[in-house]
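Participant: Numbering (the working numbering), first residue to last: 9 to 273. Here it is: the structure, laid out below.
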Amino acid sequence: MPHVIITGGSSGIGLAIAELYHARGWRVSLLARGEEMLDMAAQKLESAGGSGEGRVFWASADVSDEQAVQSAISRAEAMNGPCDVIVASAGRVDPQDFDVQSAQIFESQLRVNFLGTVYAIRAVLQGMKQRRSGTIVAISSGAAMIGIPGYAAYCASKSALVGFVEALRAELSQSGVKVCITFPPDTLTPQYEREIALRSDLAQTLMGTVSPWPVDKVARKIVAGVGEGRRAVHFGIALTLMSFFAPFIKPVLFWRMRRLSGRSL
């Protein structure tokens with residue numbers, strides 16, 4: 009029975025992905041910080057049943073702490089077997105202008121979004137290479153494609169994943185291990201509800217043209233892309249075009265934002 013490990017698995021996109029794999033009979037391991045939310049998420053999965061006897065394991069861990077991540081994933085593999093798919097979904101976003109935001113909050117976003125992904129992958133990679141199988145899934149963001157006012161740390165962390173994944177994929181090209189990166193749009197999750205309340209008018213001018221996606225739709229597209237062996241998963245026409253034609257599209261978007269906001273960039 010295959011085993012998927014999901015960081016940030018207690019809510020949002022991570023939990024929605026867990027529900028899909030559990031429904032297929034996979035063993036599922038959830039990692040996140042809050043024990044209460046993890047326990048509730050595990051109960052939700054188990055009560056929903058599935059196509060098999062998928063076992064649910066959860067462990068509380070701060071993904072920005074490499075030792076905590078390593079320990080949690082070791083326990084997950086001891087319970088549910090070697091990891092077949094790792095989904096690095098844990099993320100943090102705190103919209104605020106760079107010159108106002110504290111260094112602590114800025115750096116925390118980098119640690120969670122970028123290093124949290126690195127630590128989770130490192131914890132399973134040697135085992136995958138030894139077995140010559142496995143899939144790594146990094147959850148980036150549409151924000152990796154364009155600089156958004158008030159999102160300096162978030163954009164930096166999600167953009168960093170692009171270079172990291174490209175280098176990692178090249179290193180693993182003969183290993184049997186697959187690497188997939190996904191670029192979700194705004195998604196209707198509890199984190200989005202908190203984020204949107206803090207988003208500036210200037211950022212909303214740039215981002216508000218794309219409606220947020222339902223979380224289950226985002227999860228289905230990611231899981232389908234992983235199943236098809238895709239190297240990247242994009243969402244919607246606008247973000248897909250942005251990924252391929254950003255040098256031509258971004259000047260137009262920033263021009264539009266200047267026009268609507270009356271501010272120079």
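We put the beta carbon where it would ideally sit given N, CA and C, even for glycine.
1. Let me check understanding here. Comparing Cα to Cα, which of 212, 51, 180 and 122 lies closest to residue 170?
2. If you reduce the DSSP assignment to three classes, tell me which class residue 91 lands in.
3. Does residue 38 pass the burial test, meaning 16 or more other C-beta atoms within 10 Å, or should it be called exposed?
4. Pull up the distance between the alpha-carbon of residue 88 and that of residue 74, whole angstroms please.
5. Residue 77: which of 114, 15 and 100 sits nearest, CA to CA?
6. What three-state label does DSSP hand residue 273 in the structure shown?
7. Note down, in chain order, each residue of its chain lying with its Cβ closer than 7 angstroms to the Cβ of residue 183, except the 5 sequence neighbours on either side.
8. Could you tell me the distance, in whole angstroms, from the CA atom of residue 117 to the CA atom of residue 72?
9. Contact check, residue 24 vs residue 223 under 8 angstroms by CB: the rounded distance?
10. Between the stretch 101-108 and the stretch 202-214, are three or more C-beta pairs nearer than 8 angstroms?
11. With 16 as the cutoff for other CB atoms within 10 Å, does residue 97 come out buried or exposed?
12. Quick one: using the 10 Å Cβ neighbour count with 16 as the cut-off for buried, is residue 191 buried or exposed?
13. What is the rounded straight-line gap between the Cα of residue 18 and the Cα of residue 27?
Facilitator: Put simply:
1. Comparing Cα positions, the closest option is 122.
2. Note: residue 91 maps to coil in three-state DSSP.
3. Under this definition residue 38 is a buried residue.
4. Spanning the two alpha carbons is a distance of roughly 21 angstroms.
5. Answer by Cα proximity: 15.
6. Low confidence applies to residue 273: its pLDDT is 47, below 50, so where it sits in the model is not reliable, and the reading given next is rough at best. DSSP places residue 273 outside both helix and strand once states are collapsed to three, so it counts as coil.
7. The beta carbon of residue 183 sits closer than 7 angstroms to those of 137 and 140, all from its chain and outside the five residues before and after it, given in chain order.
8. Across the structure, residue 117 and residue 72 are spaced so that their CA atoms are roughly 9 angstroms apart.
9. That belief holds up - the Cβ atoms of residue 24 and residue 223 are roughly 5 angstroms apart, short of 8 angstroms.
10. Yes: the two stretches touch, three or more of their Cβ pairs being nearer than 8 angstroms.
11. Flag for residue 97 reads buried.
12. A buried status is given to residue 191, since no fewer than 16 other beta-carbon atoms sit within 10 Å of its beta-carbon.
13. Using only the alpha carbons, I get a separation of about 11 angstroms.
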